[in-house]
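The sequence shown begins at 29 in the numbering used here and counts up by one. Backbone N, C-alpha and C fix where the C-beta goes; we use that ideal spot for every residue, glycine too. As the structure is a prediction and not an experimental result, all values here were calculated from the model.
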Amino acid sequence: MKTQDLNKLITKIPRNYSNEIIRLFREINTFNLCHPNITKFFESYFTFDDQFVIITELAENDLKSYRQANSRITNDKIMDIMVQIMRGTNYLHNQNIMHRDLSPDNILVFDNGTKFKLCDFGLATPNGLSIAYTGKLYFKAPEINQDEEYSYNHQVDIWSAGVILYYLCTEEYSKIFETLLNKMLRYKPLDRPQALEVLSDLYILMGKPLNNHIEEEEKGDDQQQKAFSITLQSTNEKYQGEIDQSTKKPDGRGRLLYPKGSIQEGVWKDNQLNGREINSIGNYYIGELKDFQCHGYGKRFWDDGDFYEGYFINDNIEGLGLYKWSNDTQCYGQWSNGMLQGLGVFISKNGNIQVGQFIKGENHGISMIIPKDGSQIMIKRFENNKCKETLLKVDNKNK
């Protein structure tokens, strides 16, 4: 069981009211995940003293404690642990989810040290100066800590998994994993292997076939991605950059120019672009693209001052994301067809916070209203964006 104090989540730093609530809802979004190497979720609820409680399956300990209790781990055991970590990671990536915080603290141990499961998808302790948080910095990919304006992708998890593998190895056992570590800890994100590739290398070390161990849906998703192709030359656009000499397709750094003035540039791999898009009308996009559309994780800037950071599918806002309007109003939650759908956090320009349920961008269901001025916190029920009743009023302890 984990608890989070909502009063501490609502930071008083200007323009930063929702940062920790965003972490909270990132974790909520993973509750429906189902995989043997993902921690099971059972229940969540708000308490009257402003606590948010999450009930998950009970673990024996975490990988950090397990490693400290086992000073010598065999090669076979290290491979078994890494296979389970990479199976969970591969499942997340196939669901278009980045963990972003893989570390021994976020891998739980079950069944007398035989089962290992990923946990904590964003609900970390909100204390940037704590020793535990500082320790996790060693597991973060270098691009996460850079200030340059481009978004990172799921390869950050491959870096973290590589550091975990190094952490598990003693000096005596490290040689067998040297080649795999060198692949996983490459500085450039696009040079790192996919999760499925790491799984394949681990099974080779174990002397076992990969296809006997991975889920059929994982293989299907991977095959579909590899089968995708693009056209290099067209009467409508011009590509300048590196290409694959055998397939004659963009591969490496390049730029795609459109007749009306739009530009897509960055690093291409498997028909996906990790870079930026500049529209002729002034809109700007930084992130992942596929089939010349925003697809994956990215940031979009509109010429009217609006901003969105999160997930896209076929150029549409889909999945978890944060939308900020030019008037400083912002909203974080689950999006569908460009509209808020499901759980969300809405913050008005004056700092009032609403946490609740939305359907097609409208309030629909139970919502908690937290005024910035310290007045009463209210829980209301909405239907089609209209308040039907106030269910509860609670004095704000911060008043």
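Tell me which same chain residues have a C-beta within less than 8 Å of the C-beta of residue i, skipping the five on either side of it?
i      : result
Leu130 : Ile113, Thr117, Leu146, Phe167, Asp185, Ser188, Ala189, Ile192
Leu218 : Gln183, Val295, Lys297, Asn302
Asn413 : Glu390, Asn391, His392
Ile106 : Leu193, Leu196, Cys197, Tyr201, Phe205
Gln300 : Glu316, Leu317, Lys318, His323, Gly324
Could you check what DSSP says for residue i in three-state terms: helix, strand or coil?
i      : result
Gly116 : helix
Tyr195 : helix
Pro217 : helix
Phe138 : strand
Asp185 : helix
Gln222 : coil
His323 : strand
Gly163 : Note that Gly163 scores a pLDDT of 38, beneath 50, so its modelled location is shaky; the value from the coordinates is reported in the next line. Three-state DSSP puts Gly163 in a helix.
Glu243 : Its pLDDT being 47, under 50, Glu243 is placed unreliably in this model, and the coordinates cannot settle the point.
Ile66  : strand
Ala255 : Summary for Ala255: the model assigns pLDDT 30, below 50, so the residue's position carries little reliability, and this model does not support an answer.
Lys352 : strand
Gln382 : strand
Met406 : strand
Asp279 : strand
Asp298 : coil
Asp108 : helix
Gln96  : helix
Ser376 : coil
Thr418 : strand
His121 : helix
Asp90  : strand
Leu368 : strand
Glu206 : helix
Lys211 : helix
Gly303 : strand
Leu130 : coil
Gly333 : coil
Asn103 : helix
Ser395 : strand
Within a Cβ cutoff of 7 Å, which residues of the same chain sit near residue i, ignoring the five residues on either side of it in sequence?
i      : result
Asp229 : Leu208
Asn344 : Asn365, Gly366
Gly389 : Met367, Leu368
Ala87  : Leu136, Val137, Phe138
Asp272 : Asp279
Leu419 : Ile407, Lys408, Arg409
Lys416 : Arg409, Phe410
Asp332 : Ser354
His63  : Gly116, Tyr119
State the CB to CB distance for the pair residue i and residue j, rounded to an integer number of angstroms; the pair is presumed to be in contact (CB under 8 Å).
i      : j      : result
Gly361 : Gly347 : Their Cβ separation, rounded to whole angstroms, is 10 Å, which puts Gly361 and Gly347 out of contact at 8 Å.
Ile397 : Lys408 : 6 Å
Leu224 : Gln123 : With 8 Å as the limit, Leu224 and Gln123 do not qualify as a contact, their Cβ atoms being about 14 Å apart.
Leu227 : Val111 : 7 Å
Gly326 : Ile341 : Not really, about 11 Å apart at Cβ, beyond 8 Å.
For residue i, count neighbouring Cβ atoms within 10 angstroms of its own Cβ and tell me buried if that reaches 16, exposed if not.
i      : result
Phe70  : exposed
Asn355 : exposed
Ile405 : buried
Gln96  : exposed
Gly15  : Not covered by the structure: residue 15. The range shown for the chain is 29 to 427.
Glu305 : buried
Ile232 : exposed
Glu337 : buried
Lys318 : buried
Thr275 : exposed
Glu316 : buried
Arg100 : exposed
Tyr215 : exposed
Ile109 : buried
Asp148 : buried
Thr67  : buried
Lys421 : exposed
Ile125 : buried
Here's a check: name, in chain order, each residue in its chain whose Cβ is nearer than 6 Å to the Cβ of residue i, leaving out the five neighbours to either side.
i      : result
Phe329 : Tyr312, Phe335
Asp133 : Asp90, Lys92
Arg115 : Asn65
Met234 : Met107
Lys352 : Phe335, Gln358
If we cut at 8 Å on Cβ distances, does residue i have a partner in chain D?
i      : result
Val184 : Among the protein chains of the structure shown there is no chain D, as only one such chain exists.
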